[in-house]
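For the sequence shown, full-length UniProt numbering assigns the number 1 to the initial residue and increments by one for each residue that follows.
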Amino acid sequence: WRAMGKLQSKISFHTTRYRAEGSAGPSGSPHQHSPSHSDGVTSVAALQPDLCVSGGRDKSVAVCRWTSGAALRRFVGHEREVTKVSPALDSSRVFSASRDKTVMMWELHGAPGPRQHFPGHELVVTGLAVSPDASQLCTGSRDNTVCKWDTETGECVGRAMISRNLVTDLCWVPGEPYVIQTSEDKTTRIWDSRELQVAHTFPAKQHIQTSCDVSQDGRYCLSSSQGGEATLWDLRQTRRRVCEYRGHCQGTTACVFLPRGPALAPSVATSSSDSTVKVWHRDTAGR
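This is the structure in structure tokens:
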């Protein structure tokens, strides 16, 4: 779901192409349900095993049961399109970022309006990461800043600016106070959220870094690139580059660590503007 959430589609969807809710397609084909948005979907994330949350160009946030296609909640409050959505780990709250320069917090079982509002960025908000206990929120923007917020009060409790640091994505390291950030300045950074300072900057790549993800054990992070590759970085003491995943013929738009089963090798997936999704062995970069 995270990888899908980072894809921004320019395809125009028409309701006539969708089957009625609950209808089955031909054998082996995916189910299709009524659209949750009236315009392009810009972001989607897993909320619960059977629920997902999405944001769209129609300025709304929708919560749907993907098994049936039923739309359970629809939140409206942003003045421009939603760019990112991210749920809290307890799945009771959802955060959304927007081109209106703000972030909003929504209660899944609360009122239809935003529970909290986080204004303060000067340009579109392009990065969104929620702390494991949901008490803090980190946001990033094309205004070169990363901000830290108290989710209960809505207060901005930290702000850091780095010249030319146009943020493309943020993700929180599980169980740690660290946040990973990718940028149009071609770097991937590790922020210490406690003082909102850069703890480490990985060597710059040749192209803009478009997105990032962190493994569930917090040992590795991924970054994807407009150059077509993705990079695996070690977050432990060495903080070195482990390997690269090369094979796309256009820019890589998203990257994600795949869930690991008892009999499955650790794997990652990348998506690209070349219309493909590739799955790689995490440690050898084999497909």
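For every residue, glycine included, the Cβ atom is placed at its ideal position computed from N, Cα and C.
Identify every residue that forms a DSSP beta bridge with residue i.
i	result
TRP191	VAL179, VAL198
ASP213	LEU222
LYS84	ALA97
VAL61	GLY55, PHE75
GLN116	MET105
ALA263	Answer by DSSP bridge pairing: none, since ALA263 is not bridged.
GLN136	ASP150
ARG159	CYS147
SER141	VAL125
Just checking my contact of residue i with residue j at CB under 8 Å: how many whole Å lie between their CB atoms?
i	j	result
THR276	THR210	Rounded, the Cβ-Cβ distance is 15 Å, inconsistent with contact.
LYS148	LEU196	5 Å
VAL82	VAL61	6 Å
HIS117	ASP143	About 18 Å separates the two Cβ atoms, so there is no contact after all.
GLU184	THR168	6 Å
Is the CB-CB distance between residue i and residue j below 7 Å?
i	j	result
ARG239	ARG219	no
VAL179	LEU166	no
ALA88	VAL130	yes
LEU258	ALA265	no
GLY140	SER96	no
GLY251	GLY286	no
Going along the chain, which residues of its own chain have a beta-carbon closer than 8 Å to the beta-carbon of residue i, five neighbours each way excluded?
i	result
SER135	ASP150, THR151, GLU152
Kindly list the residues whose CB is nearer than 7 Å to the CB of residue i, restricted to its own chain and excluding five residues on each side of it in sequence; keep chain order.
i	result
VAL214	CYS171, VAL173, PRO174, ILE180, CYS221
MET105	ARG93, PHE95, PRO114, ARG115, GLN116, THR151
ILE162	ASN144
ARG159	THR145, CYS147
GLY77	MET104, GLY113, PRO114
Indicate the three-state DSSP secondary structure (helix, strand or coil) for residue i in the structure shown.
i	result
LEU72	strand
LEU51	strand
GLU184	coil
ALA24	Annotation note: pLDDT 46 at ALA24 (below 50); position unreliable, coordinate value reported separately. Three-state result, ALA24: coil.
SER272	strand
CYS249	coil
GLY40	coil
ALA254	strand
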